[in-house]
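Engineer: Got a structure for you, questions after.
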Amino acid sequence: MSEQSLENNKREHRLLGEVSLAQPVPIYISCACIILIITIAALFLSQANYTRKATVRGYLNPELGLLRVFPPRTGILEQLHVEEGEQVTAGQPLATVVLRRGTSGGQELSERVMAELASQATLIQQELNQQQALFDHRKQRLEAQQQDLIRRQQALDSQAELMTEKLALSQSQLAQFERLFQRGHLSQLELQAEQAKHLALRQEQEHVQVEIAKTIEEVHRNLNQRSALPTEHALARNALLQRLSELKRQQAEAEHHYRYVLRAPAAGQVTAIAYLTGQQLDADHSVMQLIPDGAELIAELLLPSHSAGFVRPGDRALLRFDAFPYQRFGFVEAEVVQVDKALLSPGQGSLPFTLSGPVYRLKARLSQQQISADGEPFPLKPGMLLEADIQLEQRSLMAWLLAPLYGLQRRIG
Numbered sequence: 366m367s368e369q370s371l372e373n374n375k376r377e378h379r380l381l382g383e384v385s386l387a388q389p390v391p392i393y394i395s396c397a398c399i400i401l402i403i404t405i406a407a408l409f410l411s412q413a414n415y416t417r418k419a420t421v422r423g424y425l426n427p428e429l430g431l432l433r434v435f436p437p438r439t440g441i442l443e444q445l446h447v448e449e450g451e452q453v454t455a456g457q458p459l460a461t462v463v464l465r466r467g468t469s470g471g472q473e474l475s476e477r478v479m480a481e482l483a484s485q486a487t488l489i490q491q492e493l494n495q496q497q498a499l500f501d502h503r504k505q506r507l508e509a510q511q512q513d514l515i516r517r518q519q520a521l522d523s524q525a526e527l528m529t530e531k532l533a534l535s536q537s538q539l540a541q542f543e544r545l546f547q548r549g550h551l552s553q554l555e556l557q558a559e560q561a562k563h564l565a566l567r568q569e570q571e572h573v574q575v576e577i578a579k580t581i582e583e584v585h586r587n588l589n590q591r592s593a594l595p596t597e598h599a600l601a602r603n604a605l606l607q608r609l610s611e612l613k614r615q616q617a618e619a620e621h622h623y624r625y626v627l628r629a630p631a632a633g634q635v636t637a638i639a640y641l642t643g644q645q646l647d648a649d650h651s652v653m654q655l656i657p658d659g660a661e662l663i664a665e666l667l668l669p670s671h672s673a674g675f676v677r678p679g680d681r682a683l684l685r686f687d688a689f690p691y692q693r694f695g696f697v698e699a700e701v702v703q704v705d706k707a708l709l710s711p712g713q714g715s716l717p718f719t720l721s722g723p724v725y726r727l728k729a730r731l732s733q734q735q736i737s738a739d740g741e742p743f744p745l746k747p748g749m750l751l752e753a754d755i756q757l758e759q760r761s762l763m764a765w766l767l768a769p770l771y772g773l774q775r776r777i778g
């Protein structure tokens, strides 16, 4: 074959290309792949679950409720006796409030009244002290007088005994003088002189007896005065104490009108202090709140009425707190424990946010009372706002896809 023929054959081969034989995929391989795909899809649809949920707003509240401390009337917060988070006992002072009412002269009316009452109380206290000093002085004087009277009575008794002896001796001498006079040994004048001496002794004895009687009377009078002195002192003191008590009552009343103390109604933890020292209090707003001892925080969820029929006690909820971004802090699990039957309308009740429509109130018990991030716990506090995903129902994707068919079958049947 010539070179020209070979060249022509090569050119023709390049124009037609190389011959390729196509062999189809065997039918059994295609069927196997299709069956495998269908099997995997069926397994996925039957095993994978779809959870239907309702997202609602809510807030934290103690299970036993918050104890709100309201001022009985408006005033200025003079002093706070507690701090946020402090544990208090029932009756413990929480805050002192003062009322401001001025006079025409610019002086505080209550302060002026209290100053006058305090001045009167001081005067009465001074009078009480003077009364006590007077009692002590009179008591000492009567005791000294009693001692003098006793000594005087003893002296008079001794004098009376001596006078009795002298009178007996004078009586004996007078009898001798009378016998001598009868015998003519004494003159009438000498007898009369002896009789005069005897009469003088008798008169002196009677005088001593009179003095003794007077002394005894003074002793009894002194004893009576000493006995009556404590009673008189007690009566006078009680009268002064009664006046002082009345003044203290007036002081307490004035103090209450001018200044009063808010006390803890029960033991608990202080939270939500709403005022600072020096601010004006409003009687319609609480000064602070107390979490009762032993009360756990629960989530109060507000469920729209269109989703209320699907929620039951025992349903699971995941809580996301506004104060703790869930991207870092995650969720807190909760369980629905109560579903209120009464519908709550907008503007009804005291809520931390505004409602856009009627809702039902749910209560969910938290699985924990704190939330953690990076190993550091942060306690949850009353009033924290949150969003909750309530799991209404959970079923497989297969059941979800076939639900319309089941519904059609029920309607037809």
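Last residue of the sequence shown: 778 in the numbering used here, with the numbers rising by one and none dropped.
Backbone N, C-alpha and C fix where the C-beta goes; we use that ideal spot for every residue, glycine too.
#1: Could you give the residue range of the alpha helix (DSSP H) that holds F743?
#2: Quick one: what's K418 bridged to in DSSP?
#3: I'd like the list of long-range same chain contacts for I777, defined as Cβ closer than 8 angstroms, with 5 residues on each side in sequence excluded.
#4: Can you tell me whether DSSP reads Q615 as helix, strand or coil?
#5: If we call anything under 8 angstroms between Cβ atoms a contact, is E698 one with L683?
#6: Following the continuous alpha helix (DSSP H) through Q692, name the residue where it begins and the one where it ends.
#7: Where does F542 fall in DSSP's three states?
#8: Verify whether the separation of the beta carbon atoms of P678 and V652 is less than 8 angstroms.
#9: Can you tell me which of the three DSSP states G471 falls into?
#10: Residues in its own chain within less than 6 angstroms of S670 by CB, not counting five upstream and five downstream?
#11: Decide if V575 is buried, meaning its Cβ has at least 16 other Cβ atoms within 10 Å, or exposed.
#12: E428: which of P742, A520, K728 sits nearest, CA to CA?
#13: Where does F500 sit, in a helix, a strand or coil, going by DSSP?
#14: Short of 8 angstroms in beta carbon distance, which residues of its chain neighbour V453, apart from the five on each side in sequence? Order them along the chain.
#15: Could you compute how far the alpha carbon of G467 sits from the alpha carbon of H622?
#16: Where does E661 fall in DSSP's three states?
#17: Can you have a look at I515 and say buried or exposed, based on whether 16 or more other CB atoms are within 10 angstroms of its CB?
#18: Drop a sphere of 10 angstroms on the beta-carbon of L386, count the other beta-carbons inside from all chains shown, and report buried for 16 or more, exposed for fewer.
#19: How big is the Cα-Cα spacing for Q541 and A578?
#20: Taking one C-beta from the stretch 479-495 and one from the stretch 605-613 each time, how about it: are there three or more such pairs within less than 8 angstroms?
#21: Measure from the alpha carbon of R477 to the alpha carbon of each residue in D649, V676, L445, A619, then state which is nearest.
#22: For E451, which of helix, strand or coil comes out of DSSP?
#23: Excluding the 5 residues preceding and the 5 following A486 in the sequence, name in chain order all residues of the same chain whose CB lies nearer than 8 angstroms to its CB.
#24: Helix, strand or coil, according to DSSP, for Y625 in the structure here?
#25: Tell whether a beta-carbon distance below 8 angstroms holds between V796 and M528.
#26: For a quick check, are the C-beta atoms of V702 and I755 less than 8 angstroms apart?
#27: Pairs of beta-carbons, one from the stretch 639-646 and one from the stretch 435-449, closer than 8 angstroms: are there three or more?
#28: How far does the beta strand (DSSP E) with S737 in it reach, from first residue to last?
#29: Which term fits G450, buried or exposed, when burial requires 16 or more other beta carbons within 10 angstroms of its beta carbon?
#30: Less than 8 angstroms between the CB atoms is what I'm expecting for A419 and L709, so what's the real figure, rounded?
#31: Under the assumption that P747 contacts L432 (Cβ atoms under 8 angstroms), give the Cβ distance between them as a whole number of angstroms.
#32: According to DSSP, is G423 part of a helix, a strand, or is it coil?
#33: State yes or no: is the C-beta of L521 within less than 8 angstroms of the C-beta of T596?
#34: Using only the alpha-carbon positions, how far apart do G471 and A648 sit?
#35: Measure the beta-carbon distance from P711 to L750 and round it to whole angstroms, keeping in mind my assumption that it falls under 8 angstroms.
#36: For R730, which three-state DSSP category applies?
Structural biologist: In short:
#1: First-last for F743: 741-744, but that is the beta strand (DSSP E), not the alpha helix (DSSP H).
#2: Q756
#3: none
#4: helix
#5: yes
#6: 691-694
#7: helix
#8: no
#9: Annotation note: pLDDT 41 at G471 (below 50); position unreliable, coordinate value reported separately. Coil at G471, not helix or strand.
#10: P723
#11: exposed
#12: K728
#13: helix
#14: V447, L459, A629, A632, G633, Q634, V635, L655
#15: With a pLDDT of 48 at G467, under the threshold of 50, the predicted position of this residue should be treated as unreliable, though the coordinate-derived value follows. When rounded, the distance between both Cα atoms is 13 angstroms.
#16: coil
#17: exposed
#18: Note that L386 scores a pLDDT of 47, beneath 50, so its modelled location is shaky and nothing firm can be said.
#19: 33 angstroms
#20: yes
#21: A619
#22: coil
#23: L609, L612, K613, Q616
#24: strand
#25: No answer is possible for residue 796: it lies beyond the span of the chain, which begins at 366 and ends at 778.
#26: no
#27: yes
#28: 735-738
#29: exposed
#30: About 16 angstroms; that fails the 8 angstroms criterion.
#31: Not a contact, Cβ separation roughly 11 angstroms.
#32: strand
#33: no
#34: No answer about G471 holds up, because its pLDDT of 41 lies below 50 and its placement is not dependable.
#35: Actually they are not in contact, since the Cβ atoms of P711 and L750 sit about 17 angstroms apart, beyond 8 angstroms.
#36: strand
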